[in-house]
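Be aware that the sequence shown starts at 1, since it is given in the numbering used here, and climbs by one per residue.
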Amino acid sequence: MNEIDDFSCLRKSPLSEGLTDVQLRALTGITCCRRLKDHEVLIEEGKVDNKLHVITEGAVAVTRDLGKGEYITIHVLHTGDMAGEMGFVSGRPHSATLRSLGQTQVCSFERAAFEDLLPEHPWMVYRVMQNIVEVGHDILRRMNAQYVELTKYVTRSHGY
Numbered sequence: 001m002n003e004i005d006d007f008s009c010l011r012k013s014p015l016s017e018g019l020t021d022v023q024l025r026a027l028t029g030i031t032c033c034r035r036l037k038d039h040e041v042l043i044e045e046g047k048v049d050n051k052l053h054v055i056t057e058g059a060v061a062v063t064r065d066l067g068k069g070e071y072i073t074i075h076v077l078h079t080g081d082m083a084g085e086m087g088f089v090s091g092r093p094h095s096a097t098l099r100s101l102g103q104t105q106v107c108s109f110e111r112a113a114f115e116d117l118l119p120e121h122p123w124m125v126y127r128v129m130q131n132i133v134e135v136g137h138d139i140l141r142r143m144n145a146q147y148v149e150l151t152k153y154v155t156r157s158h159g160y
């Protein structure tokens, strides 16, 4: 598939849960889908970009800068996950850098363009915001479970 079909990609995403085809077409009207190369930066720690990204194929590493060109991966996002949702909602700088793992496809849209849909599609905007919160909670639950497992491992291994 050379040209990315925004509608099909987003229809498979949790972002579009509960949306009609008409509502999804309005959303794809502001969406840009693209392919990232291996290790390409999608979001840079400390920067503001006001975009929401949906991973429609592949994976993205959530990393923190350790300095001197080194970084540590703290989580991996997969197909269906969203990236940048906190910055999209709050407008604040991102707390981590996101790098693609292998070839990854993302569909993205700007907060201002999304807000412009509000007068004509208020239910769609509301539903998408609900979906953003639900996916964010799922990611947080996974990260918490990983933290618990790591803590158990460290405790067992080092007798704390």
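The beta-carbon is built from N, C-alpha and C at its ideal position, and this holds for glycine as well.
Note that this is a predicted model, so its numbers are computed, not measured.
Hey, would you say residue i sits closer than 9 Å to residue j, going by beta carbons?
i, j, result
"Q105", "R156", "no"
"S100", "V60", "yes"
"R87", "D49", "Looking at the sequence itself, residue 87 is Gly, so the reference to Arg does not match. In contact: G87 and D49 (Cβ atoms closer than 9 Å)."
Excluding five sequence neighbours on each side, which residues of the same chain lie with their C-beta closer than 6 Å to the C-beta of residue i?
i, result
"T31", "D6, C107 and F109"
"K51", "G84, S108 and E110"
Spatial neighbours of residue i within its chain, please: C-beta separation below 8 Å, excluding the five flanking residues on both sides.
i, result
"D116", "I30"
"A26", "L117, E120, H121 and M124"
"G102", "D38, G58 and A59"
"C9", "C33, V54, T56, E57, Q105 and C107"
"I72", "T63, R64 and L66"
Measure the alpha-carbon distance for residue i versus residue j and round it to whole angstroms.
i, j, result
"S13", "G46", "27 Å"
"V41", "N131", "25 Å"
"M1", "A112", "At M1 the pLDDT is 36, less than 50, meaning the model places this residue with poor confidence; the figure from the coordinates comes in the next sentence. Taking the straight line joining both Cα atoms gives about 30 Å."
"L24", "G67", "41 Å"
"I91", "Y153", "With the sequence shown as reference, residue 91 is identified as Gly, and Ile is not the correct amino acid for it. Rounded to the nearest angstrom, the two C-alpha atoms are 36 Å apart."
"G80", "H158", "37 Å"
"E3", "T56", "A caution first: E3 carries a pLDDT of 47, below 50, which makes its placement in the model unreliable, though a value can still be read off. About 14 Å."
"F114", "L15", "13 Å"
"L36", "V76", "15 Å"
"I43", "G84", "7 Å"
"V128", "E17", "8 Å"
"R142", "R64", "18 Å"
"T20", "Y126", "13 Å"
"V62", "T28", "26 Å"
"V22", "R11", "12 Å"
"I74", "L150", "12 Å"
"H78", "V133", "17 Å"
Taking only runs of the alpha helix (DSSP H) that begin and end inside the region 39 to 120, which ones reach a length of at least 4 residues, in chain order? Qualifying alpha helix (DSSP H) stretches, in chain order: 85 to 90 and 111 to 116.
Give a yes or no on contact between the region 142 to 151 and the region 92 to 99, applying the rule of three or more CB pairs nearer than 8 Å. When Cβ pairs closer than 8 Å are counted between the two stretches, the region 142 to 151 is seen not to touch the region 92 to 99, the count staying below three.
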